[in-house]
Amino acid sequence: HKRLKAGKSEPEGRIDLHGMTTERAHSALTGYIMASQARGLRTVLVITGKGRADKGHDPVPRPHGVLRHEVPRWLSLPPLGQMVLQIVPAHRRHGGSGAYYVHLARRR
Numbered sequence: 009h010k011r012l013k014a015g016k017s018e019p020e021g022r023i024d025l026h027g028m029t030t031e032r033a034h035s036a037l038t039g040y041i042m043a044s045q046a047r048g049l050r051t052v053l054v055i056t057g058k059g060r061a062d063k064g065h066d067p068v069p070r071p072h073g074v075l076r077h078e079v080p081r082w083l084s085l086p087p088l089g090q091m092v093l094q095i096v097p098a099h100r101r102h103g104g105s106g107a108y109y110v111h112l113a114r115r116r
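Heads up: the sequence shown begins at 9 in our numbering, then just goes up one per residue.
See the structure below:
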């Protein structure tokens, strides 16, 4: 974990969700995490992107970085919550605040 957090080690797998809709990203993430655990992977990189900064003056505030905020929540809910041991922000080399390391439990 320390080597990975320092950017000196590589995650065993990765999925890039940025640019996807929330529905498509949720479905892709669920399938990927389930398949990764079935393959015996222990640490994967989930790239969410940082979100777009608002351009212009919109009278209604709109959240940016929706996936960045939703992914940790999705990973804590069933069926993924039982598979995920820990979610950690990625090292800058692996995407920084626009990505997470997801540590998976061993398959039972």
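The C-beta atom is built at its ideal place from N, Cα and C for all residues, glycine as well.
It should be emphasised that the depicted structure is a prediction, and the values quoted were computed from it without experimental measurement.
Residues near residue i in its chain [Cβ-Cβ closer than 6 Å; skip 5 each side]
| i | result |
| --- | --- |
| Ser126 | With the chain covering 9 to 116 only, the question about residue 126 has no answer from this structure. |
| Tyr40 | Ile23 |
| Gly21 | Ser44, Leu49 and Val52 |
Cβ-based burial, residue i [other Cβ within 10 Å; buried from 16]
| i | result |
| --- | --- |
| Val96 | exposed |
| Thr56 | buried |
| Thr51 | buried |
Residue i: first and last residue of the uninterrupted beta strand (DSSP E) it sits in
| i | result |
| --- | --- |
| Ala33 | Not the beta strand (DSSP E): Ala33 falls in the alpha helix (DSSP H), residues Thr30 to Ala46. |
| His111 | Ala107 to Leu112 |
| Leu93 | Val92 to Pro97 |
| Lys22 | Correcting the residue identity first, residue 22 is Arg in this sequence and not Lys. Arg22 -> beta strand (DSSP E) spans Gly21 to Asp24. |
| Leu53 | Thr51 to Ile55 |
Neighbourhood of residue i by C-beta distance below 7 Å, restricted to the same chain and skipping five residues each side
| i | result |
| --- | --- |
| Gly48 | Arg115 |
| Ser105 | Lys58 and Pro97 |
| Ala46 | Arg115 |
Presumed contact (8 Å Cβ cut-off) between residue i and residue j, rounded CB distance
| i | j | result |
| --- | --- | --- |
| Ser44 | Leu112 | 6 Å |
Endpoints, the alpha helix (DSSP H) within which residue i is located
| i | result |
| --- | --- |
| Arg76 | Val74 to Ser84 |
8 Å CB neighbourhood of residue i in its chain, flanking five on each side removed
| i | result |
| --- | --- |
| Leu25 | Ala33, Ala36, Leu37, Val54, Ile55, Thr56, Gly57, Leu75 and Val79 |
| Pro19 | Leu12, Thr51, Val52, Leu53, His102 and Tyr109 |
| Gln90 | Ala113 |
| Gly27 | Gly57 |
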